[in-house]
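Residue numbers (my numbering): 44 to 135.
A virtual CB, placed ideally from N, CA and C, is assigned to each residue, including glycine.
Quick caveat, the model's predicted, so the values are computed rather than measured.
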Ligand SMILES: [Zn+2]
């Protein structure tokens, strides 16, 4: 096996595994982050580190129409009370 290919393969696997390890801290898919690191190497790692947090499973992000504060709310709830200005708005 070509040693250059072997070095590339090992570094791609390391970047993939590091990105897959970052994924759960941001509520993201480990498989998707693994392939981002595997294919893009350092660029993939930077993308993984700078990716915004995703809302936990069963929740979604809601932005307050009055103050633009973001909060995670249940997908099933009908209304949302803003944690900052306490405005109650429909969960749309
Ligand atoms: Zn608000």
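- For residue 46, the enclosing alpha helix (DSSP H) covers residues 46-65.
- Distance from the CA of residue 69 to the CA of residue 93, rounded to the nearest whole angstrom, comes to 10 Å.
- In this model, residue 82 and residue 54 are separated by some 10 Å (Cα to Cα).
- For ligand 1, no non-hydrogen atom lies closer than 8 Å to the CB of residue 134.
- Of the heavy atoms belonging to ligand 1, none sits nearer than 8 Å to the Cβ of residue 56.
- The Cβ neighbour count for residue 123, taken over all protein chains shown within 10 Å, is at least 16; the residue is labelled buried.
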